[in-house]
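For reference, each letter of the sequence shown is one residue, going 1 to 158 in the UniProt record's numbering.
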Amino acid sequence: MVLVGIGSDDTTKDVEYIAKKILTLRVFDDSDGTMWKAGVKDIGGEVLSVSQFTLMANTTKGNKPDFHGAMSSASSREVYSTFLKRLGELYEPAKIKDGQFGAMMSVSLANEGPVTLQIDSRKFEYVPIDDSKPSKKARSGTTTPATPAENAQSTTLN
(Lines of atoms letter the chains of each structure in order from A and count residues from 1; the text may use other names and numbers.)
(Lines give C-alpha, C1' and ligand atoms only; values in the text may rest on other atoms or scores of the structure.)
Protein backbone atom coordinates (compact mmCIF):
# COMPACT_ATOMS: atom_id res chain seq x y z
CA MET A 1 0.00 0.00 0.00
CA VAL A 2 1.24 3.44 -0.90
CA LEU A 3 -0.20 6.48 0.87
CA VAL A 4 0.41 9.49 -1.37
CA GLY A 5 0.69 13.06 -0.08
CA ILE A 6 1.06 15.77 -2.72
CA GLY A 7 2.71 19.04 -1.73
CA SER A 8 1.86 22.45 -3.14
CA ASP A 9 5.18 22.59 -4.99
CA ASP A 10 5.28 19.02 -6.36
CA THR A 11 5.88 18.66 -10.10
CA THR A 12 6.07 15.94 -12.75
CA LYS A 13 9.74 15.54 -11.79
CA ASP A 14 8.60 14.48 -8.30
CA VAL A 15 6.00 12.13 -9.82
CA GLU A 16 8.68 10.46 -11.95
CA TYR A 17 11.08 10.02 -9.02
CA ILE A 18 8.44 8.57 -6.68
CA ALA A 19 6.90 6.24 -9.29
CA LYS A 20 10.28 4.75 -10.17
CA LYS A 21 11.31 4.44 -6.53
CA ILE A 22 8.08 2.67 -5.51
CA LEU A 23 8.45 0.09 -8.26
CA THR A 24 12.15 -0.62 -7.76
CA LEU A 25 12.84 -0.20 -4.03
CA ARG A 26 13.91 -3.59 -2.68
CA VAL A 27 11.63 -4.07 0.31
CA PHE A 28 10.62 -7.71 -0.25
CA ASP A 29 12.33 -11.07 0.20
CA ASP A 30 13.71 -12.79 -2.90
CA SER A 31 12.77 -16.36 -3.85
CA ASP A 32 15.39 -17.67 -1.39
CA GLY A 33 13.83 -15.71 1.47
CA THR A 34 16.66 -13.19 1.70
CA MET A 35 15.35 -9.85 2.95
CA TRP A 36 15.72 -6.59 1.03
CA LYS A 37 16.43 -8.29 -2.30
CA ALA A 38 13.29 -7.71 -4.42
CA GLY A 39 11.08 -4.85 -5.53
CA VAL A 40 7.36 -5.00 -6.28
CA LYS A 41 8.06 -5.60 -9.98
CA ASP A 42 10.43 -8.47 -9.14
CA ILE A 43 7.75 -10.33 -7.19
CA GLY A 44 4.90 -9.52 -9.58
CA GLY A 45 3.10 -7.64 -6.82
CA GLU A 46 0.33 -5.09 -6.98
CA VAL A 47 0.42 -1.47 -5.84
CA LEU A 48 -2.58 -0.06 -3.98
CA SER A 49 -2.29 3.71 -4.04
CA VAL A 50 -4.40 5.89 -1.74
CA SER A 51 -4.31 9.70 -1.85
CA GLN A 52 -3.71 11.08 1.63
CA PHE A 53 -3.43 14.88 1.91
CA THR A 54 -2.99 14.64 5.69
CA LEU A 55 0.58 13.39 5.12
CA MET A 56 1.41 16.99 4.22
CA ALA A 57 0.41 18.28 7.66
CA ASN A 58 2.82 20.61 9.43
CA THR A 59 2.66 19.84 13.14
CA THR A 60 5.61 21.93 14.30
CA LYS A 61 3.58 24.86 15.65
CA GLY A 62 0.67 24.67 18.03
CA ASN A 63 -1.61 21.71 18.54
CA LYS A 64 -3.60 21.82 15.30
CA PRO A 65 -2.25 20.34 12.04
CA ASP A 66 -1.62 22.89 9.29
CA PHE A 67 -2.42 21.62 5.79
CA HIS A 68 -1.29 24.69 3.84
CA GLY A 69 1.62 22.66 2.44
CA ALA A 70 -0.78 20.33 0.62
CA MET A 71 -1.64 21.03 -3.00
CA SER A 72 -5.21 22.19 -3.67
CA SER A 73 -7.72 19.43 -4.36
CA ALA A 74 -8.24 20.25 -8.05
CA SER A 75 -4.53 20.47 -8.81
CA SER A 76 -3.56 17.45 -6.72
CA ARG A 77 -6.24 15.34 -8.44
CA GLU A 78 -4.43 15.99 -11.74
CA VAL A 79 -0.97 15.25 -10.27
CA TYR A 80 -2.29 12.09 -8.59
CA SER A 81 -3.82 10.93 -11.87
CA THR A 82 -0.48 11.53 -13.61
CA PHE A 83 1.23 9.52 -10.86
CA LEU A 84 -1.10 6.53 -11.33
CA LYS A 85 -0.70 6.70 -15.09
CA ARG A 86 3.08 6.78 -14.76
CA LEU A 87 3.08 3.75 -12.44
CA GLY A 88 1.08 1.86 -15.08
CA GLU A 89 3.47 2.93 -17.85
CA LEU A 90 6.48 1.75 -15.87
CA TYR A 91 4.88 -1.53 -14.80
CA GLU A 92 1.61 -3.30 -15.63
CA PRO A 93 -1.52 -1.11 -15.55
CA ALA A 94 -3.66 -4.00 -14.26
CA LYS A 95 -1.44 -4.25 -11.17
CA ILE A 96 -1.89 -0.59 -10.20
CA LYS A 97 -4.93 -0.21 -7.92
CA ASP A 98 -6.44 3.01 -6.65
CA GLY A 99 -8.74 4.17 -3.91
CA GLN A 100 -11.28 6.92 -4.62
CA PHE A 101 -9.54 10.32 -4.73
CA GLY A 102 -10.65 12.72 -2.02
CA ALA A 103 -13.24 10.34 -0.58
CA MET A 104 -13.71 9.28 3.00
CA MET A 105 -12.63 5.64 2.86
CA SER A 106 -12.11 2.81 5.29
CA VAL A 107 -8.85 1.14 4.28
CA SER A 108 -7.32 -1.79 6.15
CA LEU A 109 -3.63 -2.53 6.17
CA ALA A 110 -2.02 -5.73 7.41
CA ASN A 111 1.57 -4.68 7.95
CA GLU A 112 3.70 -7.83 7.83
CA GLY A 113 6.79 -6.99 9.78
CA PRO A 114 8.23 -3.84 11.20
CA VAL A 115 8.69 -2.04 7.88
CA THR A 116 7.02 1.26 7.01
CA LEU A 117 9.00 3.62 4.80
CA GLN A 118 8.59 7.26 3.87
CA ILE A 119 9.73 8.21 0.38
CA ASP A 120 10.08 11.92 -0.29
CA SER A 121 11.28 13.25 -3.63
CA ARG A 122 12.79 16.31 -1.96
CA LYS A 123 14.33 14.81 1.17
CA PHE A 124 17.06 12.43 0.09
CA GLU A 125 18.73 11.69 3.41
CA TYR A 126 18.06 11.96 7.11
CA VAL A 127 19.99 14.71 8.85
CA PRO A 128 20.13 14.17 12.61
CA ILE A 129 19.76 17.08 14.99
CA ASP A 130 23.02 17.92 16.73
CA ASP A 131 21.96 18.21 20.37
CA SER A 132 25.42 19.40 21.38
CA LYS A 133 24.84 22.82 19.81
CA PRO A 134 22.79 25.36 21.76
CA SER A 135 19.47 26.31 20.25
CA LYS A 136 19.00 29.80 18.86
CA LYS A 137 16.62 30.49 21.73
CA ALA A 138 19.36 29.86 24.32
CA ARG A 139 20.59 33.44 24.66
CA SER A 140 21.11 33.54 28.40
CA GLY A 141 24.88 33.75 28.09
CA THR A 142 25.39 30.43 29.82
CA THR A 143 26.72 28.58 26.78
CA THR A 144 30.42 28.33 26.03
CA PRO A 145 31.44 30.30 22.95
CA ALA A 146 32.82 28.29 20.04
CA THR A 147 36.58 28.28 19.61
CA PRO A 148 38.09 29.59 16.35
CA ALA A 149 38.83 25.97 15.32
CA GLU A 150 35.15 25.09 15.77
CA ASN A 151 34.14 28.06 13.64
CA ALA A 152 36.56 27.21 10.79
CA GLN A 153 34.99 25.93 7.59
CA SER A 154 36.53 23.98 4.76
CA THR A 155 35.76 25.28 1.28
CA THR A 156 36.57 23.56 -1.99
CA LEU A 157 36.29 25.44 -5.26
CA ASN A 158 35.95 23.58 -8.52
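Virtual Cβ for every residue (Gly too), placed ideally from N, Cα, C.
- The alpha-carbon of Val-47 is positioned some 23 angstroms away from that of Ala-70.
- For the region 36-75, the full-length beta strand (DSSP E) segments reaching 3 residues or more read 47-51 along the chain.
- Looking at the DSSP output, Asp-10 shares a beta bridge with no other residue.
- Rounded to whole angstroms, the separation of the alpha carbons of Ile-6 and Phe-53 is 7 angstroms.
- Of the candidates Gly-62, Pro-93, Glu-89 and Leu-117, Glu-89 places its Cα closest to the Cα of Glu-16.
- The closest CA to that of Glu-78, considering only Val-107, Pro-93, Ser-51 and Leu-109, is found on Ser-51.
- Closest option to Lys-123, judged by alpha-carbon separation, among Met-1, Ser-108, Trp-36 and Ile-18: Ile-18.
- When secondary structure is reduced to three states using DSSP, Leu-3 falls in the strand class.
- Put simply, the backbone Cα of Lys-21 is about 31 angstroms away from that of Lys-61.
- Residue pairing of Lys-97 in beta bridges, as defined by DSSP: Leu-48.
- The beta carbons of Asp-30 and Lys-37 sit closer together than 7 angstroms.
- Excluding five sequence positions before and after Arg-86, the CB atoms of its chain that fall closer than 7 angstroms to its own CB belong to Val-15, Glu-16 and Ala-19, given in chain order.
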